[in-house]
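This report concerns only the one structure given below.
Residue numbers (the working numbering): 1 to 240.
So this is what it looks like as structure tokens:
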């Protein structure tokens, strides 16, 4: 009986010791299955969009960047498994569009020319423009010239948010701005100014696309399963 009691006491002590070790040990958590970087033209703040995407992609660590320069730097310094941004952004970074966003059957969206003064095509080369950054600073004037369908690269002021375009017009630091058509109603509702709006056949911009740097199967499945309301925030309704 003494031997049995001794063994019982030793087992109890060992169990207690093990429990103490578990309580004192720091918690361990499994790392994310994949990483996704995002840069998108949207009225949402970067953190708000990041939270919405991450909630819809369990196991994926999502980082949304509010500035193109930060997005580019992060891609080079610490490459993710995948990156999502408008197609011109990927092209400017020499990345292929492995998964393309589609809206109403098209892989590009219409941009509008918005001003507070009359607009005519013959004056487009001489105006100052504002636009949310889609390519590197030195390349943006030539990119805008392509959207306008003119030969001469105009003066362009880059901004990071859609709401900044309105301020450019309010303070007359730009003669006109280039705005995605999907934001037209919201843009007009936020100001009492009267706008002149011109839709050019050349002003088409590639919608968001995804480039895969590694781990394509797992993260592609998660991206394809993004809910409709998140896709709408990104300006698309499906992938191809």
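Where a beta carbon is used, it is the ideal one built from N, C-alpha and C, also for glycine.
Expected contact under 8 Å - CB spacing of residue i and residue j to nearest Å
{"i": "residue 233", "j": "residue 68", "result": "Not a contact, Cβ separation roughly 18 Å."}
{"i": "residue 88", "j": "residue 163", "result": "Between residue 163 and residue 88 the Cβ distance is about 21 Å, and since that is not below 8 Å, they are no contact."}
{"i": "residue 86", "j": "residue 114", "result": "About 19 Å; that fails the 8 Å criterion."}
{"i": "residue 227", "j": "residue 56", "result": "6 Å"}
{"i": "residue 133", "j": "residue 127", "result": "Not really, about 19 Å apart at Cβ, beyond 8 Å."}
{"i": "residue 187", "j": "residue 166", "result": "7 Å"}
{"i": "residue 83", "j": "residue 95", "result": "7 Å"}
Continuous alpha helix (DSSP H) stretch holding residue i: start and end
{"i": "residue 217", "result": "216-224"}
{"i": "residue 187", "result": "184-189"}
{"i": "residue 228", "result": "228-234"}
{"i": "residue 172", "result": "Careful: residue 172 lies outside any alpha helix (DSSP H) and carries neither H nor E."}
Start and end residues, beta strand (DSSP E) containing residue i
{"i": "residue 47", "result": "Looking at the DSSP string, residue 47 is not in any beta strand (DSSP E); the run it does join, the alpha helix (DSSP H), is 46-55."}
{"i": "residue 61", "result": "60-64"}
{"i": "residue 181", "result": "Element bounds for residue 181: n/a, residue is neither H nor E."}
{"i": "residue 37", "result": "34-38"}
{"i": "residue 209", "result": "208-212"}
{"i": "residue 159", "result": "155-159"}
Same chain, Cβ closer than 6 Å to residue i, five either side skipped, listed in chain order
{"i": "residue 99", "result": "210 and 239"}
{"i": "residue 10", "result": "Per-residue confidence for residue 10 stands at a pLDDT of 42, beneath the threshold of 50, marking its modelled position as unreliable; the derived number appears in the next sentence. Excluding sequence neighbours, residue 10 sits near nothing in its chain."}
{"i": "residue 193", "result": "116"}
{"i": "residue 197", "result": "112 and 114"}
{"i": "residue 237", "result": "103 and 231"}
{"i": "residue 52", "result": "230"}
Contact set for residue i: own chain, Cβ-Cβ below 8 Å, skip 5 residues either direction
{"i": "residue 65", "result": "37, 38, 39, 46, 71 and 74"}
{"i": "residue 144", "result": "129, 131, 153, 154, 156 and 178"}
{"i": "residue 168", "result": "130, 157, 159, 174 and 177"}
{"i": "residue 221", "result": "none"}
{"i": "residue 93", "result": "72 and 75"}
{"i": "residue 18", "result": "Low local confidence applies: a pLDDT of 46 at residue 18 is under 50, so the model's placement there is unreliable, and no value is given."}
Residues near residue i in its chain [Cβ-Cβ closer than 7 Å; skip 5 each side]
{"i": "residue 182", "result": "109 and 235"}
{"i": "residue 80", "result": "35, 36, 37 and 213"}
{"i": "residue 125", "result": "150, 152 and 154"}
{"i": "residue 184", "result": "112"}
CB contact check: residue i to chain D, cutoff 8 Å
{"i": "residue 46", "result": "As a matter of chain content, chain D is missing from the structure shown, which is built from one protein chain."}
### Query
In the segment 67-147, which residue ranges form an unbroken alpha helix (DSSP H) of at least 4 residues, counting only runs that do not cross its ends?
Fully contained in the segment 67-147 are the following alpha helix (DSSP H) runs of length 4 or more, in chain order: 68-77 and 87-92.
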